[in-house]
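A.B. asks:
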Amino acid sequence: EADIYQTPRYLVIGTGKKITLECSQTMGHDKMYWYQQDPGMELHLIHYSYGVNSTEKGDLSSESTVSRIRTEHFPLTLESARPSHTSQYLCASTASRSGGYTFGSGTRLTVV
Amino acid sequence: AQSVTQLGSHVSVSEGALVLLRCNYSSSVPPYLFWYVQYPNQGLQLLLKYTSAATLVKGINGFEAEFKKSETSFHLTKPSAHMSDAAEYFCAVGGDDKIIFGKGTRLHILP
Chain A
1 EADIYQTPRY LVIGTGKKIT LECSQTMGHD KMYWYQQDPG MELHLIHYSY GVNSTEKGDL
61 SSESTVSRIR TEHFPLTLES ARPSHTSQYL CASTASRSGG YTFGSGTRLT VV
Chain B
1001 AQSVTQLGSH VSVSEGALVL LRCNYSSSVP PYLFWYVQYP NQGLQLLLKY TSAATLVKGI
1061 NGFEAEFKKS ETSFHLTKPS AHMSDAAEYF CAVGGDDKII FGKGTRLHIL P
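Chain order of the listed sequences is A and B.
In this text, residue positions in the first sequence follow the numbering used here: the first is 1, and each later residue adds one.
In this text, residue positions in the second sequence follow the numbering used here: the first is 1001, and each later residue adds one.
Following this line, the structure appears as structure tokens:
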């Protein structure tokens, strides 16, 4: 039973389109994260948030943006999608570093 | 600062054989350590975690890991591999403000 939800699971869009990937969690976690992962490859942190109105860029430069206006919601937006954005995007949350992260099922994005 | 090194990007074992996935960590504070599993087109699922209680940690699906401070290791083992264990495995260490993930080890199970 997932406590963190990502939609859509799969998305194919054309170059130049604006898209928003949704991530919501029901656990009341303050800390939330977005990772980018190519198939079979390592995770790259692209954005994180420690609470409402708090957002930071991660270790990997990304053309995406995020917002956190509610604790449970942490959407990621691409203003103009490009083929180089084709990847899997994983959302995660945690209450503390000792508890580990809970991950969503991911969104696999393909930009054509 | 914290870091994680997973030895071997690919590991192959025969069905029924011992699974051993290696992980070494570096941490400037008492570490929290994790193993995650990822099946194709899925997110990561927590297998087990070490949080300074018992050094031998048991997780789901028959996996366990032993924390060895002197060796800065947290290797993952399973006595008998099953075909369903084929997946990507990530070791991770709890950093000051984020969890740091290793690059992952792909486990292949040979029939």
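Where is the CB? At the ideal position from N, CA and C, for every residue including glycine.
Compute the beta-carbon to beta-carbon distance between G1043/B and R1022/B, rounded to the nearest angstrom, for a pair I have assumed lies under 8 Å.
C.D. replies: Not quite, the Cβ-Cβ distance comes to about 24 Å (not below 8 Å), so this is no contact.
A.B. asks: Any C-beta of chain B sitting closer than 7 Å to the C-beta of G127/A?
C.D. replies: No answer is possible for residue 127/A: it lies beyond the span of chain A, which begins at 1 and ends at 112.
A.B. asks: Can we say the segment 1009 to 1019 of chain B touches the segment 21 to 30 of chain A, given the rule of at least three CB pairs closer than 8 Å?
C.D. replies: Because the criterion of three Cβ pairs below 8 Å is not met, the segment 1009 to 1019 of chain B and the segment 21 to 30 of chain A do not touch.
A.B. asks: What in chain A is Cβ-close to E1088/B, meaning under 7 Å?
C.D. replies: The contacting residues are G40.
A.B. asks: Report the three-state DSSP secondary structure of H29/A (helix, strand or coil).
C.D. replies: Three-state DSSP puts H29/A in coil, outside helix and strand.
A.B. asks: Just to check my reading of the structure: F1067/B and L1048/B have Cβ atoms closer than 8 Å, yes? What is that Cβ distance to the nearest angstrom?
C.D. replies: Not a contact, Cβ separation roughly 11 Å.
A.B. asks: Alpha carbon to alpha carbon, how far is L1056/B from A92/A? Give it in angstroms, no decimals.
C.D. replies: The straight-line gap from Cα to Cα measures roughly 26 Å.
A.B. asks: Give the range of the beta strand (DSSP E) segment to which A92/A is assigned.
C.D. replies: Residues S87 to T94.
A.B. asks: CB-CB under 7 Å to L1020/B, same chain, minus the five flanking residues each way: which ones, in chain order?
C.D. replies: Once the five neighbours on either side are set aside, the close Cβ partners of L1020/B are H1075 and T1077.
A.B. asks: In whole angstroms, what separates the C-alpha of D3/A from that of Y35/A?
C.D. replies: Cα to Cα, D3/A sits roughly 18 Å from Y35/A.
A.B. asks: For G1062/B, which three-state DSSP category applies?
C.D. replies: Here G1062/B sits in helix by DSSP.
A.B. asks: Starting from T1051/B, find everything on chain A with Cβ-Cβ shorter than 7 Å and list it in chain order.
C.D. replies: Neighbours of T1051/B on chain A, chain order: S98.
A.B. asks: Roughly how far, in whole angstroms, is the beta-carbon of I19/A from the beta-carbon of L78/A, given that I think they are within contact range, below 8 Å?
C.D. replies: Confirmed, about 5 Å.
A.B. asks: With a cut-off of 8 Å, do at least 3 Cβ pairs link the segment 5 to 16 of chain A to the segment 81 to 88 of chain A?
C.D. replies: Cβ pair count under 8 Å is three or more, so yes.
A.B. asks: Going by Cα to Cα distance, which pick from H47/A, G51/A, E42/A and T71/A is closest to T65/A?
C.D. replies: Of the listed residues, the one whose Cα sits closest to T65/A is H47/A.
A.B. asks: Report the neighbours of F103/A on chain B: residues whose CB is nearer than 9 Å to its CB, in chain order.
C.D. replies: Ordered by position in chain B, the residues that pass the 9 Å Cβ test against F103/A are Y1036, Q1038, Q1042, G1043, L1044, Q1045 and L1046.
A.B. asks: Does any residue of chain A bring its CB to less than 7 Å from the CB of F1101/B?
C.D. replies: Chain A, which has a Cβ nearer than 7 Å to the Cβ of F1101/B, makes this yes.
A.B. asks: If you follow the beta strand (DSSP E) that T77/A is in, where does it begin and where does it stop?
C.D. replies: From DSSP, the beta strand (DSSP E) with T77/A extends over L76 to L78.
A.B. asks: Need the endpoints of the beta strand (DSSP E) that Y48/A sits in, please.
C.D. replies: Where Y48/A is concerned, the enclosing beta strand (DSSP E) stretches over H44 to G51.
A.B. asks: Which partner residues does T1071/B have in the DSSP bridge list?
C.D. replies: According to the sequence shown, residue 1071/B is Glu rather than Thr. Paired residues: none, contrary to the question.
A.B. asks: Where does the unbroken beta strand (DSSP E) through N1024/B begin, and where does it stop?
C.D. replies: Unbroken beta strand (DSSP E) run through N1024/B: V1019 to S1026.
A.B. asks: Report the three-state DSSP secondary structure of S1084/B (helix, strand or coil).
C.D. replies: Three-state DSSP puts S1084/B in a helix.
A.B. asks: Let me see if you follow: with CB-CB separation under 7 Å, is L90/A close to chain B or not?
C.D. replies: Closer than 7 Å to some Cβ of chain B, the Cβ of L90/A qualifies, so yes.
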